[in-house]
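So the sequence shown is numbered by our numbering: it starts at 902 and just counts up by one.
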Amino acid sequence: MEQREETIVIFPFMAQGHIIPALALALQVEQMGYKITLVNTPLNIRNLKSSLPPASTINLLELPFNSSDHCGLLPESENTDVLPYPLIVNLLHASLSLRPTFHNLLSGLVRGGAPPLCIIADIFLGWTVEVAHELGLFHAFFSGAGGFGLACYTSMWLHLPHRKTDSVEFTLPDFQESGKFHITQLSATVLTADGTDPWSKFQHGNIPFWGESDGFLFNTVEELDKTGLNYFRRKFGVSVWPVGPILTSAGHTVSTGQETKFSLERYVEWLDEKPAKSVIYVSFGTQNTISASQMTQLAKALEGCEQYFIWVVRPPLGFDINAEFQAEEWLPEGFIQRNEESKRGLVVVKWAPQVEILSHGSVGVFLSHCGWNSVLESLSRGVPLIGWPMAAEQFYNVKFLEEEVRVCLEVARGTVFEVRCADIEEKIRLVMGEGDRGKEIRRRACEVKDMIKDAIRVKEGFKGSSVKAMEDFLNAALLVKEKTRV
Ligand code: UDP
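So this is what it looks like as structure tokens:
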């Protein structure tokens, strides 16, 4: 690998679901010979320090951030790992206060004669484009969300309000053909937004910055996600580089201090004993949980369908997400012990090594909230999904995966949805069973796995679309650097 002199500064938004793909991007670009500086708030930097592979020389830089200075906007601690979704908006507003320190950091580098080649910032940190351009630096946004999901999400925020929608079915003006939506596919935040609430204020301040950047890096694949990517090309008139999937490799997940009672070996041992594709993996990501009654129905379904399962649980809605998990209160009597003893199911509190689990050949389906990292981790291993979207762009991800990509079946929506165990069981049987529907979904998941592999393949003169997109992005940044030198 040729070592290069240029530094790339990467600045993710301060939540686990954003930091995980940003770290994976940083490691990938480091592998290409570039120096990397990863910027974030102190607690996240501390967690990142223990997550870097030993050979990595990524420079981790703290931006001072005191969340308690923000008029009670955030809880006392800066623990954003498990911030419940409604509090994210506070963190979004608070992140605007990082602008002066970020400016100082970059201007120090420029003054010191070592200007970075480019700034790659999270889509939620729109203001970074002004800071970069003030200093004559190339700037790109990085979206850890997929093209279609983020396109719908953006369009929803740009066409408020939706509660005046007359019918339960509506079509997004930007998506005449693929954009028929049902009112239940709107998260509560979009549905109640009218332009004056904190969410709309943030989005309307942030989204306009997107058109000012030099471009968008997307953690997705052109062949998979064209509709959404073309929306960004059309709407914002900027370059769009789909460079995905940028995946955390097994063993390099970001440490969150949430490790559970099982060692990795224990999962592998447990999975090794199960037949190929026989296990359901259930997880709702880092920010979401379901209601207590939904939890009961899901537990009954997992026992009722008589499949093996690994379920990552968190306290149900209404309880502190960091609280101790009270199995006797929130799960059917004896659920954990019964399933552990019969070796039918593992219940894991808070955190499981997801990438390693999905990489194991015994996993047959992922019941997921369909956050985009989870989707990519699943599909790149050919594991189909059962979708239960909770928030943000997850509703559109599930629609896309079910209707366009055909690798997913939706089972429920959000936390107020009245889900019945029989419905969950039915979806599990459909996806895992021998019927035509299940066979077709599993066949498609394998096809998509190959499509994803092709996008990152470099062999005998062939370069996949994501490899080319990454080259195009770096060449665009290098060209600007050359021009500024002249
Ligand atoms: N994750 C994990 N173990 C868990 C829960 C989540 O390793 O128990 C990782 C998962 O592999 C993924 C990320 O956390 O990389 C979650 O990102 P996603 O976009 O799926 O959802 P979010 O948490 O942002 O809603």
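Note that the Cβ used here is the ideal one computed from N, Cα and C, for glycine as well.
All values reported here derive from a predicted model rather than from experimental measurement.
Using the C-alpha atoms, what's the distance from I1021 back to Y1182?
-> Position 281 of the sequence shown, counted from the first residue, corresponds to residue 1182. Position 120 of the sequence shown, counted from the first residue, corresponds to residue 1021. The straight-line gap from Cα to Cα measures roughly 33 Å.
Excluding five sequence neighbours on each side, which residues of the same chain lie with their C-beta closer than 7 Å to the C-beta of F1049?
-> The residue given as residue 1049 occupies position 148 in the sequence shown. So the list reads D1126, T1128, G1129, Y1297, F1301, once near-sequence residues are dropped.
Is the beta carbon of I921 within less than 7 Å of some heavy atom of the ligand UDP?
-> For the purposes of this step, residue 921 is taken as residue 20 along the sequence shown, with counting starting at 1. Yes; taking the cut-off as 7 Å, the Cβ of I921 has a heavy atom of the ligand UDP nearer than that.
So E1303 packs on G1288, CB below 8 Å; how close in whole Å?
-> As a working note, residue 1303 is residue 402 in the sequence shown. As a working note, residue 1288 is residue 387 in the sequence shown. Confirmed, about 7 Å.
Return the Cβ separation of I911 and L928 in integer angstroms, given the expectation that the two are a contact with Cβ distance under 8 Å.
-> Start at 1 with the first residue of the sequence shown, and residue 911 comes out as number 10. Start at 1 with the first residue of the sequence shown, and residue 928 comes out as number 27. Contact between I911 and L928 is ruled out by a C-beta separation of about 10 Å, above the 8 Å threshold.
Test item: CB-CB of L999 and L964 under 8 Å = As a first step, residue 999 is located in the sequence shown; it is residue number 98 there, counting from the start. As a first step, residue 964 is located in the sequence shown; it is residue number 63 there, counting from the start. Yes, the Cβ-Cβ distance between L999 and L964 is below 8 Å.
Whole-angstrom distance between P1254 and T1165, CA atom to CA atom = Here residue 1165 refers to the residue found at position 264 when the sequence shown is read from its first residue. Here residue 1254 refers to the residue found at position 353 when the sequence shown is read from its first residue. Position check: residue 1165 holds Leu in this sequence, whereas Thr was assumed. In a straight line, the C-alpha of L1165 is about 7 Å away from that of P1254.
Rounded separation between V1214 and V1250 - CA only | Translated into the one-based positions of the sequence shown, residue 1214 becomes position 313. Translated into the one-based positions of the sequence shown, residue 1250 becomes position 349. Cα to Cα, the separation comes out at about 5 Å.
Cα-Cα separation, M902 to D1023 | Counting from 1 along the sequence shown, the entry for residue 902 is found at position 1. Counting from 1 along the sequence shown, the entry for residue 1023 is found at position 122. Whole-angstrom Cα-Cα distance: 28 Å.
Should S1275 be counted as a contact of the ligand UDP given a C-beta to heavy atom distance under 7 Å?
-> Locating residue 1275 in the sequence shown gives position 374, where the first residue counts as 1. Yes, Cβ of S1275 sits closer than 7 Å to a heavy atom of the ligand UDP.
In terms of residue numbering, what span does the beta strand (DSSP E) encompassing I1329 cover?
-> For the purposes of this step, residue 1329 is identified with residue 428 of the sequence shown, where counting begins at 1. Careful: I1329 lies outside any beta strand (DSSP E), inside the alpha helix (DSSP H) at 1322–1333.
Kindly indicate which three-state DSSP category F1220 falls into: helix, strand or coil?
-> On the sequence shown, residue 1220 is found 319 positions in, with the first residue counted as 1. Here F1220 sits in coil by DSSP.
Taking DSSP as the reference, what is the three-state secondary structure of K1244?
-> Taking the sequence shown and counting its residues from 1, the one referred to as residue 1244 is at position 343. In the structure shown, K1244 sits in coil (DSSP, three-state: anything other than H, G, I, E or B).
To which residues of the same chain is M1196 closer than 8 Å at the C-beta, ignoring the five residues directly before and after it?
-> Translated into positions along the sequence shown, residue 1196 becomes position 295. Counting only Cβ-Cβ distances below 8 Å, and skipping sequence neighbours, we find V1214, P1217, W1231, L1232.
In the DSSP assignment, find the unbroken alpha helix (DSSP H) run with I1342 in it and report its ends.
-> Position 441 of the sequence shown holds residue 1342. Taken as a continuous stretch (DSSP letters only), the alpha helix (DSSP H) holding I1342 covers 1337–1356.
Just list the alpha helix (DSSP H) runs in the region 1091–1134, keeping only unbroken ones of 4 residues or longer that don't cross its boundaries, in chain order.
-> 1099–1107
Is W1171 helix, strand or coil when you go by DSSP?
-> Along the sequence shown, one-based indexing puts residue 1171 at 270. It is helical.
Anyone know if the C-beta pair for I1342 and V1308 falls short of 8 Å?
-> The residue given as residue 1342 occupies position 441 in the sequence shown. The residue given as residue 1308 occupies position 407 in the sequence shown. Against a cut-off of 8 Å, the Cβ pair of V1308 and I1342 comes out as a contact.
Can we say the region 1003–1015 touches the region 1028–1047, given the rule of at least three CB pairs closer than 8 Å?
-> yes
For S858, count neighbouring C-beta atoms within 10 Å of its own C-beta (all shown protein chains included) and say buried if the count is 16 or more, exposed if not.
-> Any property of residue 858 remains undetermined from this structure, which presents the chain solely from 902 to 1387.
Is V1139 near F1117, with beta carbons less than 8 Å apart?
-> Locating residue 1139 in the sequence shown gives position 238, where the first residue counts as 1. Locating residue 1117 in the sequence shown gives position 216, where the first residue counts as 1. Yes, Cβ-Cβ distance for V1139 and F1117 is below 8 Å.
Just to check, is the beta-carbon of Q1077 closer than 7 Å to a non-hydrogen atom of the ligand UDP?
-> Reading the sequence shown from its first residue, position 176 is the one you call residue 1077. Not so, every heavy atom of the ligand UDP lies at least 7 Å from the Cβ.
Mapping DSSP to helix, strand and coil, what is T1385?
-> The sequence position of residue 1385 within the sequence shown is 484, counting from 1. Here T1385 sits in helix by DSSP.
Can you give the Cα-Cα distance for F1236 and A1200, rounded to whole angstroms?
-> The sequence position of residue 1236 within the sequence shown is 335, counting from 1. The sequence position of residue 1200 within the sequence shown is 299, counting from 1. Near 8 Å, if we compare the C-alpha coordinates of A1200 and F1236.
Contained beta strand (DSSP E) runs [length at least 3] in the region 1015–1050, N- to C-terminal order = 1019–1023, 1039–1044
Report yes or no: do three or more beta-carbon pairs, one from the region 1169–1177 and one from the region 1260–1273, lie closer than 8 Å?
-> yes
Looking only at C-alpha atoms, which of F1103, S1044, V1180, Y1168 sits nearest to G1145?
-> The residue given as residue 1145 occupies position 244 in the sequence shown. With distances taken between Cα atoms, G1145 lies closest to S1044.
Check D982 in the structure and name its three-state DSSP category.
-> The sequence position of residue 982 within the sequence shown is 81, counting from 1. Per-residue confidence for D982 stands at a pLDDT of 43, beneath the threshold of 50, marking its modelled position as unreliable; no derived number is given.
Does DSSP put G1145 in a helix, a strand or coil?
-> Your numbering for residue 1145 matches position 244 in the sequence shown. Secondary structure at G1145: coil, using DSSP grouped into helix, strand and coil.
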